[in-house]
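K.L.:
The structure that follows is given in the form of structure tokens.
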Amino acid sequence: MKDKISKSISEKKIVEVPLETISSIDVNPRKGGLVLENVEALVASGDFPEIHLGLFDGDLIVVDGYHRLAATHKLERDKINAFIIEYKTMTELKKQAFVSNVNHGIKLSQLDIALNIYEFYIEAIKTKTSAKLKDVIKEYQVQERTGRQLFYWALFNRSILENKSIDMSGLTRYEDYNKLLIWKNENIADISEEFKIFFKEFYEKYDKLPTTNRRAAIDLHMEGKEFFEEEKKQQEHVDEINQKDREAAFLDKDEIGEDEIDRQGISGGATGAITSGENPNKVMENLDEEYSGEINQDREVKPKKEKKESISNTIMDIHQKSAAIKMHTIKGHIAWSKDDYETLQSIIDNLSETVSQIDSSSFYGDKI
1 MKDKISKSIS
11 EKKIVEVPLE
21 TISSIDVNPR
31 KGGLVLENVE
41 ALVASGDFPE
51 IHLGLFDGDL
61 IVVDGYHRLA
71 ATHKLERDKI
81 NAFIIEYKTM
91 TELKKQAFVS
101 NVNHGIKLSQ
111 LDIALNIYEF
121 YIEAIKTKTS
131 AKLKDVIKEY
141 QVQERTGRQL
151 FYWALFNRSI
161 LENKSIDMSG
171 LTRYEDYNKL
181 LIWKNENIAD
191 ISEEFKIFFK
201 EFYEKYDKLP
211 TTNRRAAIDL
221 HMEGKEFFEE
231 EKKQQEHVDE
241 INQKDREAAF
251 LDKDEIGEDE
261 IDRQGISGGA
271 TGAITSGENP
281 NKVMENLDEE
291 YSGEINQDRE
301 VKPKKEKKES
311 ISNTIMDIHQ
321 KSAAIKMHTI
331 KGHIAWSKDD
341 YETLQSIIDN
351 LSETVSQIDS
361 SSFYGDKI
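Take a look at the structure:
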């Protein structure tokens, strides 16, 4: 058999290999094990290509062909066709096993890629502390951004949170959480217990927040501030400003009729009354210009008439523009940036807050 192996290696020829000579060492990159449907399909056909065996330290290890080997056992055959390549290190052998399966046959799942990239990088920085994640991802033939997101998913879920989650949604959040690792100056290959305790608490408190808020919570924490406390302070500040604006700009509706406007007393001699035939909007515009300076100088001056303006045209403009953005996004015509996304999220938050502040009992026109 040794002669056959030597010949296969030197001449790159396919040889028949007895199953009993194949090592039980498992470097299968499919962390979930074999796909049984694939094994059954191979058994049904009875005919399949040779497998790839790696010779390392005297052992013949399956590099590519775990499903074919399983089918051969099921068919009760005692030999299998294979080509053999000699490897100098187990790392190189594992790398080839991963690369052979990442985009070939039944492709590796996101979970498989995440766990493998994590293992490869941890092994790399233990050997060479200056090893860069992007270089490892490129070496293992995974798209860089995808590989980075999957790596951080595995790092936080398996090493830090220590859970067995297979939920691969919301991958970008784990890149955001990496800022905390950098801030705490943690060694990725040896995360401290102190950080694990801290992060579990942080995760439980903030992970379910919308993306923009969660990122704000991370940034605020690194500044020594707490997100919910800062949010409360901001809301109190906004409420205070709104209250002052209401006190300065409006009178209680019960004091005067809705159609009467009286600015008398704010500026000597100006009546502000709307006479027949005048354009009410024009009168209001002139009065606003006349008194805006004095009102801004003294916030305690209170006009005697509540002034409200229709924003129907503005609302319609927002509606049309948002509908256009939606349609172009669906068609893939818009190149979104991170800043665009965060600005849009801020607009949505502002509109949502505005809607919650509207008093439906004060609608003008048709009653709802």
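The numbering used here puts the first residue of the sequence shown at 1, with every later residue one more than the last. Idealized CB from N, CA, C, for every residue including glycine.
From this set, Met316, Ile330, Thr212, Ala248, which residue's C-alpha is nearest isoleucine 347's C-alpha?
P.N.:
Comparing Cα-Cα distances from isoleucine 347 to each of Met316, Ile330, Thr212, Ala248, the minimum goes to Thr212.
K.L.:
Return helix, strand or coil for valine 43, following the three-state DSSP convention.
P.N.:
Helix.
K.L.:
If we call anything under 8 Å between Cβ atoms a contact, is valine 63 one with leucine 53?
P.N.:
Taking 8 Å as the Cβ cut-off, valine 63 and leucine 53 qualify as a contacting pair.
K.L.:
Could you compute how far the alpha carbon of glycine 265 sits from the alpha carbon of alanine 248?
P.N.:
At glycine 265 the pLDDT is 44, less than 50, meaning the model places this residue with poor confidence and gives no usable figure here.
K.L.:
Mind checking histidine 67: buried by the 16 CB within 10 Å criterion, or exposed?
P.N.:
So histidine 67 counts as buried.
K.L.:
Report the residue from Gln141, Asp190, Trp183 whose alpha carbon sits nearest the alpha carbon of histidine 221.
P.N.:
Here the closest residue by C-alpha is Trp183.
K.L.:
So, with DSSP's three-state summary, where would you put glycine 26?
P.N.:
Glycine is not the amino acid found at residue 26; the sequence shown has aspartate there. Aspartate 26: coil per DSSP, three-state reduction.
K.L.:
Exposed or buried, what is valine 27 when buried is set at 16 or more other beta-carbons lying within 10 Å of its beta-carbon?
P.N.:
That one is buried.
K.L.:
So, is threonine 396 buried or exposed, given that buried needs 16 or more other C-beta atoms within 10 angstroms?
P.N.:
The structure shown does not extend to residue 396, since the chain is modelled only from 1 to 368, so the question has no answer here.
K.L.:
Using 8 Å as the threshold, is the C-beta distance between tyrosine 140 and lysine 95 below it?
P.N.:
Yes, the pair counts as a contact, with Cβ atoms nearer than the cut-off.
K.L.:
Which residue marks the beginning of the alpha helix (DSSP H) containing glutamate 16, and which one marks its end?
P.N.:
Premise fails: glutamate 16 lies in the beta strand (DSSP E), 15 to 18, not in any alpha helix (DSSP H).
K.L.:
On the three-state DSSP scale, how would you describe isoleucine 358?
P.N.:
Looking at isoleucine 358 - three-state DSSP - the assignment turns out to be coil, as it is neither helix nor strand.
K.L.:
In angstroms, rounded to a whole number, what distance separates the CA positions of glutamate 86 and aspartate 57?
P.N.:
Answer to the nearest angstrom: the Cα atoms are 9 Å apart.
K.L.:
When you compare only the Cα positions, how much space is there between asparagine 81 and valine 43?
P.N.:
For asparagine 81 and valine 43, the distance between alpha carbons rounds to 15 Å.
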